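As structure tokens, the structure follows; a few thoughts come after it.
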Amino acid sequence: MLVLGPVGFTAPALLLGLAVLPVLWFLLRAVPPAPVRRRFPGVALLLGLKDETAEADRTPWWLLLLRMAAAALLILGFAGPVLNPEPRAAAGGPLLVIADGTWADAADWPRRQERITALLDEAGRNGRPVAVVVLTDPPAGPLPFQAAGSWAERVAGLEPRPFAPDPDALAALSARLPETGFETVWLSDGLARDSRAPLLAALEAHGPVRVVESPRPVLALAPAAFREGAIALAVLRPAAGPEAGVTVSAHGLDPAGIARELARLGLVFAAGATTAEAALALPPELRNRILSFQIAGIRSAGAVSLTDDALRRRKVALIAGREDREGLDLLSPLHYLRNALAPVAELIDGPLEDVLHAAPDVIVLADVARLTEAEAATMLAWVERGGLLVRFAGPRLAASDVARTAENPLMPVRLREGGRTLGGAMSWGEPKRLRPFPDGSPFAGLPIPEDVQVAAQVLAQPDPSLAERTIASLADGTPLVTRRLAGQGQVVLFHVTANAEWSTLPLSGLFVQMLERLAVSTRPAAPAAEDLEGTVWVAEKRLDAFGRVGEAGQIAGVAGSALAGAIAAGAPSAAVPPGVYAAGDRRVALNVIGYGTVLAPAVWPAWIPVEGLAPAAERPLKGEVLAGALALLLLDILVALWISGRLGGPRATSAAVALAALLVATEARADDSAAIRATGQFALAHVLSGDPEVDRMAAAGLAGLTRRLFERTSVEPAEPIAVDIETDELAFFPFLYWPVTADQPLPSDAAYARLNHFLRTGGLILFDTRDADIAPSGGTTAAGRRLREIARPLDVPALEPVPTDHVLTRTFYLIQEFPGRFAGREVWVEAAAPDAERAEGMPFRNLNDGVTPVVIGGNDWAAAWALDPRGGPMVPVGRGLGGERQRELAVRFGVNLVMHVLTGNYKSDQVHVPALLERLGQ
Amino acid sequence: MTDLPAAGSLRAGAEALAAALPPLLADARHLAQTVVLGEHGRRRAGLGDAFWQYRPATPSDEARTIDWRRSARSDTPFVREKEWQAAQSVVLWVDDARAMAFASTPRLPTKAARARLLAMALAVLLIRGGERVGLADPDLPPRRGAGQLFRLAGRLAEDGAADYGAPSVAAVPGQARALFVSDFLGDLAPVEAALATAADRGVRGTLLQVLDPAEEAFPFEGRTIFESMGGALRFETLKAGDLRGRYRERLAGRKARLAGLARQAGWHLGLHHTDAPAQAALLWLHRAMERVH
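Residue numbers (my numbering), protein chains in the order written: chain W, 1 to 922; chain B, 1001 to 1293.
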């Protein structure tokens, strides 16, 4: 095979034929176009004239070019061109196929699988053992070199993982490479990764390495952050490129709990930029519903960013008991709370009853002692539905008798009267420090700053449940923060004030962290290690490499430190897969793309060949090329006709018109209007025989009979209808006239089914061979033979010549012969029952009921019935008066037949016998 | 062999065309010089139908010429003389060459069909006017009577074998009138010779050139081999369109030469195209045959 760029030729020797083209050129130039021969008397005048221009004898250069192109295409076509020929020369030895298998692969993973399959097929053809390794899930043992066929089934099961390969695992893999040499094909995900170089070096030591990379740029969505009242979104790409737009959509649950797209935002990469940023401003109600952001149209974990508490803004109602006091802001019980919560929560101010209507997540009561009965009941109900009530102590609470003697449902513990003061001017002790938070406390792991001191507090009554309700205590063990679960919600009491009067706690960073741990506030950005220290997080949602969010299922909890590490590095791993982790009320999302992740394109050494991912399937071009040659040759015909002046002639015009007519002609199909016409009024019908003359005569004959029926009887049929038994519905017609021709096509099976149904349900077909049954040698006529063939599959009963007492002889007229244009030969109808007896004194047998399904004859009745538009007979019948009599009898037969069809055996009824006897006697 | 249906239809068509025109009476001036009897009385004894006079028989008279009824009333035999009647002899020559069988499109009649129709129509008119009409062919000399129409029609329907026709005046009686209908696309020398001979014999007449529109327009393009209708002549061109101008020049020259010949011989020259109505051509012919020089 000869390969030229992307095209190869299976029979390159034929390409030598291209060398003949110049010769062909000269030949074509030398030979003028074929002349037109014309007979023309004026030739005598032409004799002796010379052509003025010698150029005209040559074919125009562009026509030559056209023909040369056609010839060249023919040669190329027969040379067997193949697009993307696969190199047949195959290397030997084992083949290692490596796929990165990260989230960046997921977008076009099927194409990678195809590519792997192609590699396996090729290796299978060459009998090479193959190992397929996905780096995010490396094999535990040595490289699994196996027959390509055994891998082929497993390719479909290969899956990318939503994290990068583990460098340690790769190092181990490099160490386990076999001693023997092998070729490596590395399907890269196109992202730079430090772990790649050592493995590449190890692989190169064993043999050549090829790299396959998708040219499609990887796009990734950075985690959403809440900044200045809006959600900041950023889309990353590894390499700077031209300006490009990308759409990010926000998904979440609507109020009905149905997942849907909540918002959509377009981002634009500036030319040369690797990051596209935009801010999405949403109302808090909508914002809190967002579960994830996705880059539209990309199936990859990198294009999905799960959201967590960082975006969620809790609604916090702040209520203080001393609002009426005039004083400094710094002394306000809500000042520090307000400052701590304002950046991370929606604050609600107002009277308690109004606040409850706003459905806050958290209500903070700063030194509020008493609530009215109604308020207390409403708030208790709210707490039990999941509300978080955070209370701060204060002089008012200390002075009140709330929860003194009995537990107040809105207080976690009972309080001792008065409280205590430590380290003041009037007391002995030092202000107390905080004891480290115990395990199990929501504050566990938080570092305690040295400068946090408590100078005054309210004291809890030492109840049996006090220990379990204490979540933070002072160094001497007195509770500082107590909590009681109530229903789905909880009540938390800080035993100090919310301002700095009693302690320095509100002044410290610990205060903010504690509020955050209590899920009063939410953290503004990535959780720091200490935020998660000492907690265990359970995966709630998992993100797979394709960006699908699923339930996590039963997965062991992850230590907060490990989670914090993964989040900080932006590098989930098999141990900490991406998803949403929950601890209590808090949610942390671990995304594939971290806060600091920067995408960079993979850089390969110059000597490593890098191929595109396009599955270079072989595609023979022979057909296309030859079709092109044929098209050119057809064009050449037209052009040649045009040049020789034959394209515009009358024949060409008529041919074009005929062609156009052929193209335009569409068969008009009967629609319901035909059915309505057929059923609106009784109409005679004839079967189209395919012979236009016969059909015309049949139509005229039925029209004549229709007219006679109109004149003579109360049957007033509509215009006759032509019936195509292949397509038309027969059920509308009680009577079909079927002229049989010798070359009539046999009906199809479907048509036979309809015909048999027609016959069984009382229809009558009058078969007319129109040849008077006169055969040359006394045998059967051609039409008769055809009739037999047509009737063979029909459900026709036993037949007999019309007996003299058949009801057909007296349904309207009393007749005994049934002539048409021909008089003679017998007419056949369904045979009477063999046991039909003629009663004594009766002229007729008591014949069976029903209408004979067929009447068969050859008298060409239609011709005898046929009337021309002026009402005169169309076809002569017989001679003179005898002929007219015969025509009259033919019409009477037709009337009788239609009457028989419509009235059945009515006239066979013996009631009519006396009248008939009287008529017969005349 | 005569194609009877063709002849019949030709005659019928000619009768139909001629029905609209008054009988044509040939120019009376020539009557004096023709010796043929006709319905134009010459006021002298001769071969005619009308009685002129009885005269006593002379020994030179044949016995069968004696009018015995008149002779019986006297002693001397008388001869019954009839009035001389002058009839115009009109000789038709319709080109039957294969060149005449040309029609550029099926919608147009062939030149031959048109030429025969015109000639026949003229013959009908002439015969209705009592003239004697015949062909230039010695087999069918000018005669009168409706029967001659059948013979004419039968003869005119025959096709010749030559590519181009040439008139012959050998059988034309002196002082007769002649009508030559042809396309005159062949060699003009025989026409010239015929006209010269005719002029010598005192035969006057009309040339009617019948041409197909395509022969005027020459609407051909591209490389073409032109063949005469019989195939005897052939001419190949590489660019037929280029020849159009020169062809028309030659055709014009041919017409001019024909006009010159006609003028010299004292004949009329007419041009008729097959896409023009035949009636106009017949009118023109009618008048041309009447016209006196």
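Glycine residues also receive a C-beta, built at the ideal position from the N, C-alpha and C atoms. Just so it is clear, the structure is predicted and the values come from calculations on it, not from any experiment.
*What residues of chain B sit near Val639/W, judged by a beta carbon separation below 8 angstroms?*
Within chain B, no residue comes near Val639/W; the closest Cβ sits about 12 angstroms away, beyond 8 angstroms.
*asked:* With a threshold of 9 angstroms between beta carbons, is Asp51/W in contact with chain B?
replied: yes
*Between Thr1197/B and chain W, is there a C-beta pair that is closer than 9 angstroms?*
no
*Length-filtered (3 minimum) beta strand (DSSP E) runs lying within the region 1190-1240 of chain B*: 1204-1211, 1224-1227 and 1234-1237
*Check whether the Cβ of Ala552/W sits closer than 8 angstroms to any heavy atom of the ligand NAD, and report yes or no.*
No copy of the ligand NAD appears in this structure; indeed no ligand is present at all.
*To which residues of the same chain is Ala472/W closer than 7 angstroms at the C-beta, ignoring the five residues directly before and after it?*
Leu434, Phe437, Ser441, Phe443, Leu480 and Val481
_Whether or not the region 1265-1275 of chain B and the region 1199-1214 of chain B are in contact is what I'm after, with contact meaning three or more pairs of Cβ atoms, one per stretch, closer than 8 angstroms; do they touch?_
yes
*Which two residues bound the contiguous beta strand (DSSP E) that contains His912/W?*
Per DSSP, His912/W belongs to no beta strand (DSSP E) and is neither H nor E.
*Three-state secondary structure assigned by DSSP to Ile116/W*: helix
*Along chain B, which residues have their Cβ under 9 angstroms away from the Cβ of Arg38/W?*
Phe1220, Thr1224, Ile1225, Phe1226, Glu1227 and Ala1240
*Could you name the residues of the same chain whose beta carbon sits closer than 6 angstroms to that of Arg391/W, not counting the 5 residues immediately before and after it, in chain order?*
Leu365 and Leu493
*Which whole-angstrom value describes the C-beta separation of Leu1135/B and Arg1114/B, a residue pair presumed to lie in contact below a C-beta threshold of 8 angstroms?*
About 18 angstroms; that fails the 8 angstroms criterion.
*Do you know how far the Cα of Gly690/W is from the Cα of Lys1255/B?*
59 angstroms
*Under 8 angstroms by Cβ, that's how I've got Arg39/W and Phe1102/B pegged, so tell me the actual separation to the nearest angstrom.*
7 angstroms
*Could you name each continuous beta strand (DSSP E) segment of 3 residues or more that falls completely within the region 200-257 of chain W, going from the start of the chain to the end?*
209-213, 225-227, 230-236 and 244-253
*Between the region 98-105 of chain W and the region 129-142 of chain W, do at least 3 Cβ pairs fall closer than 8 angstroms?*
yes
_Would you say Gly1186/B lies against chain W (beta-carbon separation less than 9 angstroms)?_
yes
*If contact means a Cβ-Cβ distance below 8 angstroms, which residues of the region 1245-1269 of chain B contact chain W?*
Arg1246, Tyr1247, Arg1250, Leu1251 and Arg1254
*State the DSSP-derived secondary structure class of Leu1282/B, mapped to helix, strand or coil.*
helix
*At a cut of 8 angstroms, does the region 330-348 of chain W reach the region 397-407 of chain W through at least three beta carbon pairs?*
no
*asked:* Is there a C-beta anywhere in chain B that falls below 9 angstroms from the one on Val895/W?
replied: no
*Can a CB atom of chain W be found closer than 9 angstroms to the CB of Gly1041/B?*
Low confidence applies here, because Gly1041/B scores a pLDDT of 44, under 50, leaving its location unreliable and the question unanswered by this model.
*Classify Phe26/W as buried or exposed, calling it buried when 16 or more other Cβ atoms lie within 10 Å of its own Cβ.*
exposed
*asked:* Just verifying my parser: in three-state terms, what is the DSSP assignment at Pro110/W?
replied: helix
_Residues that Gln146/W bridges to, as DSSP identifies them_ = Val130/W
*Sequence-distant residues of the same chain with beta carbon closer than 7 angstroms to Ala1214/B, five excluded per side*: Ser1104
_Check whether chain B comes within 9 angstroms of Pro41/W, counting only Cβ atoms and requiring the distance to be less than that._
yes
*asked:* Going by beta-carbon coordinates alone, are Ser1305/B and Asp1163/B separated by less than 9 angstroms?
replied: Because chain B here runs from 1001 to 1293, residue 1305/B falls outside it and cannot be looked at.
*Select from Glu716/W, Ala699/W and Ile790/W the residue whose C-alpha is nearest the C-alpha of Ala863/W.*
Ala699/W
*Which chain W residues sit within Cβ distance under 8 angstroms of Asp1183/B?*
Pro41
*Taking 9 angstroms as the CB-CB limit, is Thr1237/B close to chain W?*
yes
*Nearest to Asp463/W by CA position, among Glu407/W, Gly487/W, Gln513/W and Pro447/W, is which residue?*
Glu407/W
*Residues of chain W with a CB under 8 angstroms from the CB of Glu1215/B: which are they?*
Phe40, Pro41 and Gly42
*Measure the C-alpha to C-alpha separation of Trp607/W and Ala123/W and round it to an integer number of angstroms.*
23 angstroms
*Near Val20/W, which residues of its chain fall below 7 angstroms by C-beta distance, leaving aside the five closest residues on each side in sequence?*
none
_Through-space distance from Gly1160/B to Gly1130/B, alpha-carbon basis_ = 29 angstroms
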